[in-house]
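Scroll down for the structure; my scribbles are underneath it.
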Amino acid sequence: MTLPIWRTEWLTALRRRRLLVLNTLIPLVFVAPIALSAAPAVHSAAAFTVLFALFGTFGSSIPLIRDGESGLLRRYVLTGVHPGGILLQRVFANAALDLMELAPSVLVIFVARGSSVPQMAMVLPAMVVGLVAANALGALTAALAKSVAEGALFSAVAALLLLHWAGTFRTPVPGTWQATLETWNPFRPLHESLLAAAGGGPDLDLALLTIPVGITLAVLLLIAAGGRYTIGLGGR
Amino acid sequence: MFAATELSFNYPSGRKGLGKVSLKGAPGDRVVVMGPNGSGKSTLLRLVSTELPSSPGSLELFGEAWESSRRDFRKRRDLRKKIGIVQDTPVHVEDLTGMENGLLFAELYGLPRAEALGAFAALFTSLGLDEALDVPTREYSYGMKKKLLIAEALVHNPDLLIVDEPALGLDPPSRAALLRILEERSEQGVCILAATNEPALAQELATVVVLLHEGEVVAHGSPAELLAKVGGATRIEVHVTGSLPAGLTTTGPAFEGLPADVVSIRQLPGRIIAESRSGSDVLPQLVGAVLDAGLKIERVEIREPDLTDVFTLFTGRALGTEASDRPVENP
Chain A
0 MTLPIWRTEW LTALRRRRLL VLNTLIPLVF VAPIALSAAP AVHSAAAFTV
50 LFALFGTFGS SIPLIRDGES GLLRRYVLTG VHPGGILLQR VFANAALDLM
100 ELAPSVLVIF VARGSSVPQM AMVLPAMVVG LVAANALGAL TAALAKSVAE
150 GALFSAVAAL LLLHWAGTFR TPVPGTWQAT LETWNPFRPL HESLLAAAGG
200 GPDLDLALLT IPVGITLAVL LLIAAGGRYT IGLGGR
Chain B
0 MFAATELSFN YPSGRKGLGK VSLKGAPGDR VVVMGPNGSG KSTLLRLVST
50 ELPSSPGSLE LFGEAWESSR RDFRKRRDLR KKIGIVQDTP VHVEDLTGME
100 NGLLFAELYG LPRAEALGAF AALFTSLGLD EALDVPTREY SYGMKKKLLI
150 AEALVHNPDL LIVDEPALGL DPPSRAALLR ILEERSEQGV CILAATNEPA
200 LAQELATVVV LLHEGEVVAH GSPAELLAKV GGATRIEVHV TGSLPAGLTT
250 TGPAFEGLPA DVVSIRQLPG RIIAESRSGS DVLPQLVGAV LDAGLKIERV
300 EIREPDLTDV FTLFTGRALG TEASDRPVEN P
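So the protein sequences, as listed, match chains A and B.
If you count the first sequence from 1, position 110 lands on 109 in numbering that gives the first Met the number 0, and the numbers rise without skipping.
If you count the second sequence from 1, position 160 lands on 159 in numbering that gives the first Met the number 0, and the numbers rise without skipping.
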């Protein structure tokens, strides 16, 4: 099986060296002062989670809309490739690129907060799930948006709402529907693992990932089917 | 290869794109659609290329009815892989080189890399793109991008090639190379559906010309058949300044006495157009009559009839001119 869109995303990202450097440095500039400060872990983890989730969501949605508007996605689809396949390749490629670009920031958190090995080990799968979910969310918002401005708005609103439901900004009352929803939320493991790594929570169990991984896979299936309505794919 | 029957299309704004257009193309046919801007040429091509959703009327591609709402992906994929498309605006992944873009699209069409490399080598040489293969396409000119797009549309040996404005942006050698390639492919059985505003290109390329006006077919046939309809008369266009005489006819007072070979005479703003059966032999008498009418001649153009005249014959409008640029009298 060949993955031409995945490869193109990587090639393009590596060619745009300036953007690659900026995408690595800007989160670092944001993360480092917080990680190195005496900010409480609960606040630091919330800030890191918001940054990482928005990084993934915006980075997926806006280029998709732009490529839809330019006609590039339409050209891809007219070769006979499944629109869902195009979107999934982009989601995974961009999630992998995000992980690479955010790695230095995460390392700074580990070093500055003296995270333990089990805490660090938990952040990696949580980041993978969180970034795939964020990129998937970006693809969905791109399918709803009719312009880059709308895409940015939808991405911000959808990501912040999901972050809220992930318990990033508050702790839900146990037994409520919000608490149930939180256990399903793909951003929850990201938040919990960053909270632990920032020194504010217990070591986590990989089982925490089970339902969010399932939800993320369901969202990916939805993208494969519904993402075809992204600008430029036009339901084709 | 393709058969459109009473195909219609309205844009979301309600503007008519196409109204009950019927046409078909068989293997080896070169169907060229001509018409002014907004006449529906690109809409027709986008419908046949499956880019636009299905609309009223029917479209058959490779012997099967096409319905965009049908969700049979395998059928859709197999059908699209038989089509090559050259859009009027070339879009590429700007950070990739020409060859990388080419290989990307070849791979999307399902072509093995080695086969694609061989096909591109020949196409790039024919189109004069060899030296730009390793250059990012963001540094390409419009013409270079168009040539790359043409190579990408041909690399998988499509059965149906759809080309919007084939020669737009191409220099004369590239235009000649493109025509050669299209003729070769056509001889191999590829059906070509093209849209253009260039009568010379249409005459050179087409086996069938379809003239579109306001989304409807006003005439179709081989270039020879269509040209026969304008009678093969030479067109003499006298550009003038001054007030044009009212009631301009070959037998009217201003142009009385012109030779019988002048089969028609009419006026457009700033121009008097005569059609002559004896070529430019009537020029002295015509110029004399124009001067006698008190007009000042700026220049005179003489040309043999082409497809723009056929368009004018059927629509009363000049191809590529404003809607208001209409004859005041058409004897």
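Even for Gly, the Cβ is constructed at its ideal location relative to N, Cα and C.
| Item | Value |
| --- | --- |
| Listed by chain order, chain A residues near B:S48 by CB distance under 8 Å | L77 |
| Which residues DSSP lists as bridging B:K23, in chain order | B:A2 |
| Cα-Cα separation between A:A151 and A:P62, rounded to whole angstroms | 11 Å |
| CB-CB length for B:P89 against B:K144, believed under 8 Å | 4 Å |
| Through-space distance from B:P172 to B:Q266, alpha-carbon basis | 37 Å |
| Spatial neighbours of A:M177 in its chain, beta-carbon cut-off 6 Å, leaving aside the 5 residues before and after | Checking the sequence, you will find Gln at residue 177 of chain A rather than Met. For A:Q177, where only same-chain residues beyond five positions count, the Cβ hits under 6 Å are P171. |
| Spatial neighbours of B:K295 in its chain, beta-carbon cut-off 8 Å, leaving aside the 5 residues before and after | V239, T240 and G241 |
| Under 8 Å from the C-beta of A:H81: neighbouring residues of chain B | F72 and R76 |
| Identified DSSP bridge partners for B:E63 | B:L60 |
| Below-8 Å beta-carbon distance, A:S69 vs any chain B residue | yes |
| Residues near A:A195 by beta carbon distance below 7 Å, same chain, minus five either side | Q118, M121, P201, D202 and L203 |
| Under 8 Å from the C-beta of B:T88: neighbouring residues of chain A | G70 |
| Cutoff 8 Å: B:Y10 Cβ touching any chain A Cβ | no |
| Short-range partners of chain A found in the stretch 96-117 of chain B, where Cβ spacing is below 8 Å | E99, L103, F104, E106, L107, Y108 and G109 |
| Touch test, the stretch 225-232 of chain B against the stretch 305-319 of chain B, Cβ-Cβ under 8 Å, three pairs minimum | yes |
| Helix, strand or coil at B:D280 [DSSP, three-state] | helix |
| Residues of its chain near B:I235, where Cβ-Cβ distance is below 8 Å and the 5 sequence neighbours each way are ignored | I272, A273, E274, S275, S279, V281, L282, L285, V299, E300 and I301 |
| CB contact below 8 Å: A:P62 versus chain B | no |
| Boundaries (first-last residue) of the beta strand (DSSP E) holding B:D163 | L159 to D163 |
| Check whether B:I191 and B:L177 have beta carbons under 8 Å apart | no |
| Distance CB(A:F186)-CB(A:V131) smaller than 8 Å | no |
| Amino acids of chain B, ordered along the chain, whose beta-carbon sits closer than 7 Å to that of A:P3 | L103, E106 and L107 |
| Proximity below 8 Å, CB of B:L95 to CB of A:T140 | no |
| Beta carbon proximity, A:T271 to chain B, threshold 8 Å | Nothing about residue 271 of chain A can be reported from this structure: the residues present for chain A run from 0 to 235 only. |
| Chain A contact residues for B:I84, given Cβ-Cβ distances below 7 Å | L77 |
| Reduced DSSP category for B:E297 - H, G, I as helix; E, B as strand; rest coil | strand |
| Alpha carbon of B:P268 to alpha carbon of B:A288, nearest angstrom | 18 Å |
| Whole-angstrom distance between B:R174 and B:E203, CA atom to CA atom | 11 Å |
| Proximal residues of chain A, C-beta to C-beta of B:K80 below 9 Å | T78 and G79 |
| Burial state of B:K80 (16 or more Cβ within 10 Å) | buried |
| Within chain B, partners of A:R73 - CB distance below 9 Å | E50, Q86 and V90 |
| heavy atom of the ligand FAD below 7 Å from B:D305 C-beta | No copy of the ligand FAD appears in this structure; indeed no ligand is present at all. |
| Per-residue DSSP class, three states only, for A:G199 | coil |
| Pairwise C-alpha distance: A:L106 and A:R169 | 26 Å |
| Any 3 or more C-beta pairs closer than 8 Å across the stretch 43-61 of chain A and the stretch 54-63 of chain B | no |
| Pairwise C-alpha distance: A:R6 and A:A217 | 24 Å |
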